[in-house]
Each structure stands twice: as structure tokens, then as C-alpha cells.
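Chains as they are written, first to last, in the numbering used here: chain A, -5 to 291; chain B, 342 to 719. No residue lacks a Cβ here, since even glycine has one placed at the ideal position from N, Cα and C. To start, the structure itself, in C-alpha cells.
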């Protein structure tokens, strides 16, 4: 396996930030540094943070700027190697056997063909190994998978090779860029964390969030964007059970845009609050304070 | 490490790793190596690059970030503010709980204030006489015996079905994948039927113990109970509350029960104070419950339900808790041997509709029988 970084790796943190920016993602210096180190050293990057701060989006934009293919593995409880790695297409193999026996073809080639690429169903991890550095492998919400899967992943992420008994060992010619995300619903195993570069994505500051809205929703009126961001930042300070993320800010701007509203006042906020607050208890708390939430900055 | 790197810088970086380790941040040798390679890759122009390189390679947990910042500041900058003084989104800490320590004098057992639970191994003094035998009447020798027996309580945690399946001759579902594989390997012999069933795992268990003044007689024994639970089963989380909520799970992981108890006692700052059940449960839900700790879990609240907070707060917290977890069990020592008659304290009336099982836990026999039944109530 070559440890040579792909040629298109950005030369500096600033350059990577600039590239991500052109893809519509505003990366903080810390995030860009972690990513660049990960790209150079061929290490997976573990992104943790609250819901909706752009963890998954980061991987998508990385794929976009490098012209790489994005391979996404969404984790869930009970996920196993058949869904993550590969599976033989048994039904097709059976049909093939039937066809062979009817035409009485018994040469060795026909049998070994049964375990050829035609019958192998590639799942995300195998695709990523095959694609090598042409791919960004996004392992999304790893905290949802169970411990057994985490242990399996640990092995894969250290060697980037897998063994299929019928075919042999497949090793990645070059390492794909791996991004893992976690919402921190449970603590990940330390062994897995040690293999990764760690970065915590927090909520952005007011100015950063304005910048993000400008990038992602260029059509939004500037004054509206500022008011929405100010309101969202106030909501985050309100001790809600589920504080709104950046995704909610953008949804809110879009929702107001659909209604053709240029200003965020209490009635407009009341109409569109469903884009930001998605918990009944939180809603009750916010409803009493609309005037304060949408007050001028 | 490229040869061009002057060795002094490497020494400085490795020294930083050691400084972190001295402060208790687990930066392993491979982490430090990684840190040095990262710095070499970036050929840092200023200290900020070093800061971020270290943060991404040497820190593996969010909780360690403040410590990292502090050590970085001290090691590289003397005491100046950090280069990338990033506003770290702080986790919502104690949600403006009232910290007044009202010792409610109308409640039973309140006079046990002189029995500091920090001094473990000593026995509670000045307790009122009761009809049936309770923990508080035990001599210290008896208490030691109780502790031994409790540690031996073999806990069978409640199980839940998972999405994973395993081979099981009497399973309900056919393992088509395996049958097809066999059929091909064994030419055309009629395939044997293979079956699958769901695997089962231990449900998480969350214990929330009331250590306020009115529970002073029981809190130590409940702590011992929690300790034996934690030792007996996986996935057990323990919290204590009086006026505020404290997570004591890590403290209970000590092998020696007395050490564990002392550590746990040291973490809890509001022994024998007032009670804010609603606010404490609310903190639990916000900081831990919603993040998945109580999902599918059996939650056991050990409290007498004598609450100084607003009943409405308790009611809404219980309602949310009951929606988040699998089962809510309330252990109330006031129930005594009459589990069919719920105590009529205001707190219990507010929480009542959301409790799945009401248990007593006032003496060893009831705690033992509870532990034995736990597997089946879940």
C-alpha cells in the first residue's frame, strides 16, 4: 500500500479552507487543520458535534472539491458485514447453477465463474477499498452501530484490506479518505478513537453563521439573514432540550423565503417556527417569548 | 519525521505530550508520534497550527478539551490567552437549579444530619425506633455482613431483543442465505432447514438515587446496592441527587467497595440537603437521557418522593422520562411492606401516573427480591 498522498491534496490549511468555501462549506481553522492532517497522513477523521452542525456535509464537500466519489455507509443498530462489506447474490448463483446443469456445462471455468464479480454484491466498505484514494468514505453516525461492528471497523480502518474466502484478499491500492461522524449518543470505544483524528464541531459564532447563510442561501435578504441568525443564537442560549443547529437556521431562512417575508417579526416567527423547533416542550417555552427571540440585535 | 526537522522542536513537542500526561490527559506514545508527524506535515507558520495539530491528534474526547487548552497555554505561552481562543460551546451545566439546602424538618429521619455518609463504615446514629427491622438499626458488624451479601446478589439484568440474529434450531425465521450456500456446496441434495432467531442483550439499567436529608437513613445502603449492581451487570449507570444531579458511575468502578463508596460520596456535594426531584430528573433527561443513555433502559428511581420543588416540574420530568425509557421503577422506602398502598406524598402523587412499578427497598429482603425480579419486570 502506498502512503503517498493523492496529488490533489491542498498545500496548506488556508488553501483547503478556500477550496471548501468554494464548495459552499465554511470550515473553521481547526476543522481544516484536522482534515488536512488526515489527508496527508492517511488517517480517518472522527467528527463529533451536536446534531445539525454540518458533520455529514463536510464529507460531501470534501468529495466534491477533490473530485472524488462519495461512498456513504449509514450505520444503524444491528448493521452487520453483509450490509457493510459484501454479499454473494445467492439467488442469482442458484439460477446460474440451474442454467449450467440444464445445458450440462461442467467445465471448471463455469463453476469458478459462480464466485466471480458478477455475483458479488459490493457494499460501501468494499467499494471504498476498491476505489482507494478516489473515494471519500463517509461512515455516518457510527455511534448508532453496536460494539461488534465498531470492533470490525477497527480492523478494517487499520489495514484497509479484506479477505473474501472465495476470491482472496483485496487490499486498497491507496487509502480512501475516511470521515466518521458521531452524534455522541454513546461513548465510542477508545481503540477506535485512537485510530482517528478527533475534531469537535461546535456551534458557529454569530459572524461565522451569517457567513454560512450567505454561502448556502445566497438569495436570502441580508437583513433577514442577520435577524434569523440572531434569533437562532438566542434560541441556543434558551436552555432548550434540543437547540437548533445550522441546518435549522438554513431551513428557517428557506422557509421565510418561500413565504416571501423580508423581515422576521413575531407573527412571521410564529408561522415558521416549525422549521427550527421540533420538540413540543421547547415549543411551549419559545412561544411565550417570541418577542424577545426576534428582537433587533 | 523528516530529517530537516530540528531536534529541539521534536523535544519541545514530546515535552508537551509529557506535560499533558502529567495533567492526567491520556496522550499515548503513538499519539505523540502522530502529533509530531502532523506538525512536520504542516510546517507550521505560527503557534496556531501547533495548537490545532495537537488538538486533533492528542485529544480523543470532548471533555478533555478544556484541560488541553489549559496545558497548551501554560506550556507554550506562559499564561497568555490561547492562540485559537475558540469559543467552546459549553454543555448546559446545572440548569439554574436552586442550591438552597433546605433540610426539611417535617420529614422522618431528618435528625440523622450528624451521620456524615462520607465517613463510611460507621453506622447511622440517633434513629427513631421502628417496628420492623431496617438498615438503620443494624450494628456496624451487621452492616458489613449486609454489604457482603449485597455484593453477592447475583443480578440478572432485564433483556431486550436486538436486530441481530443468530442460528437457532427452533428459530422462527429461515436462514435462506445459509441454506442457499449449503445447497450449492452439497450439489443438489435437498437443503436442510436452518433457522434464525433474534439475539438478546442486557437492557441498560439506570439508577437514580435520592441522597437528600429525608433519605439519609437509606442512602448509604442504596449506594451499596448500586455498587453491587454495577459490579454484577454491564451497562449500569448510577446518578445521585438531592438538589442537583451527580453522575457517580465512574467512582463505583473501584474494586474495593469502601474506596468506591468513598469516591462516590466525594463526588456528591449535596448529601442530606433538600430535595429537588423534578429539577434533578430534568437535568438527567437533558444531559444524559436524550442523548441515548436511557433509551430502551430500565430506570430505577430510589426516593421517598418528599420533594421541595414544584410538583408540576416533577410531573413534566416524569412524563418525559417515561417517554424516553423502557420502564420506570420507583423504589420508595416509605412503601414498606405494603406495596399495594402508594404513599400519599405530593411528589409520589405527581409522579404516580408515570411509574410502571412501585417497589419498596426499605430493607435487605426487599432489595434482594427486587434484584431477583428485575429480569422479569423488564
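Under the DSSP assignment, residue 52(A) falls in the alpha helix (DSSP H) whose first and last residues are 49 to 60.
Annotated three-state conformation of residue 223(A) is helix, per DSSP. Measuring C-alpha to C-alpha distances from residue 181(A) to each of 64(A), 140(A), 263(A) identifies 140(A) as the nearest. Per DSSP, reduced to three states, the secondary structure at residue 199(A) is coil, with no helix or strand assignment. When secondary structure is reduced to three states using DSSP, residue 19(A) falls in the coil class, being assigned neither helix nor strand. DSSP places residue 71(A) outside both helix and strand once states are collapsed to three, so it counts as coil.
Around residue 396(B), the beta-carbon contacts reaching into chain A at under 7 Å are 24. Non-local beta-carbon contacts of residue 394(B) in its own chain, meaning distances under 8 Å to residues more than five positions away in sequence, involve 376, 379, 380, 383, 385 in chain order. The residue among 534(B), 416(B), 367(B) with its C-alpha nearest the C-alpha of residue 391(B) is 416(B). At a cut-off of 7 Å between beta carbons, residue 75(A) makes no contact with chain B. Counting every other CB atom within 10 Å of its CB across the protein chains shown gives residue 42(A) a total of 16 or more, marking it as buried. Among the residues of chain B, those whose CB is under 8 Å from the CB of residue 31(A) are 379, 382, 383, 394, 397, 398, following chain order.
Residue 409(B) sits buried, since 16 or more C-beta atoms from the chains shown fall within 10 Å of its C-beta. The Cβ of residue 175(A) sits no closer than 7 Å to any Cβ of chain B. Membership of residue 556(B) in any beta strand (DSSP E) is not indicated, and neither H nor E is assigned to it by DSSP. For residue 590(B) and residue 131(A), the gap between their C-alpha atoms comes out near 35 Å. Within the region 207 to 241 of chain A, the residues whose Cβ lies closer than 8 Å to some Cβ of chain B are 233, 235, 236, listed in chain order.
DSSP lists 671(B) as the beta-bridge partner residues of residue 699(B). Look at residue 632(B): its C-beta is under 7 Å from a C-beta on chain A. Residue 534(B) and residue 91(A) have their C-alpha atoms some 20 Å from each other. The residue among 4(A), 18(A), 3(A) with its C-alpha nearest the C-alpha of residue 202(A) is 18(A). Taking C-beta separations shorter than 8 Å and ignoring five residues to either side along the sequence, the partners of residue 686(B) in its chain run 645, 646, 647, 648, 675, following chain order. Taking a beta-carbon distance threshold of 7 Å, residue 60(A) does not count as an interface residue toward chain B. Going by beta carbons, residue 3(A) and residue 52(A) fall outside the 7 Å limit. Here residue 42(A) carries a strand assignment [DSSP, helix/strand/coil]. For residue 542(B), the enclosing beta strand (DSSP E) has its first and last residue at 536 to 543. Each residue's CA atom was taken as its position, placing residue 672(B) and residue 603(B) some 23 Å apart.
If you draw a straight line from the Cα of residue 274(A) to the Cα of residue 194(A), it comes to about 28 Å.
Considering only 286(A), 82(A), 119(A), the residue with the shortest C-alpha distance to residue 174(A) is 119(A). Within chain A, no residue has its beta carbon less than 7 Å from that of residue 639(B); the closest one is some 17 Å off. Ranked by how close their Cα comes to the Cα of residue 115(A), the residues 137(A), 64(A), 79(A) have 79(A) in first place. Taking the beta carbon of residue 187(A) as reference, the chain B residues within 7 Å of it are 401, listed in sequence order. Taking a cut-off of 8 Å on C-beta distances, the region 261 to 277 of chain A touches the region 234 to 244 of chain A, as three or more cross pairs fall below it. The continuous alpha helix (DSSP H) containing residue 391(B) extends over residues 388 to 399. A distance below 7 Å separates the beta carbons of residue 39(A) and residue 28(A).
Distance from the CA of residue 357(B) to the CA of residue 11(A), rounded to the nearest whole angstrom, comes to 27 Å.
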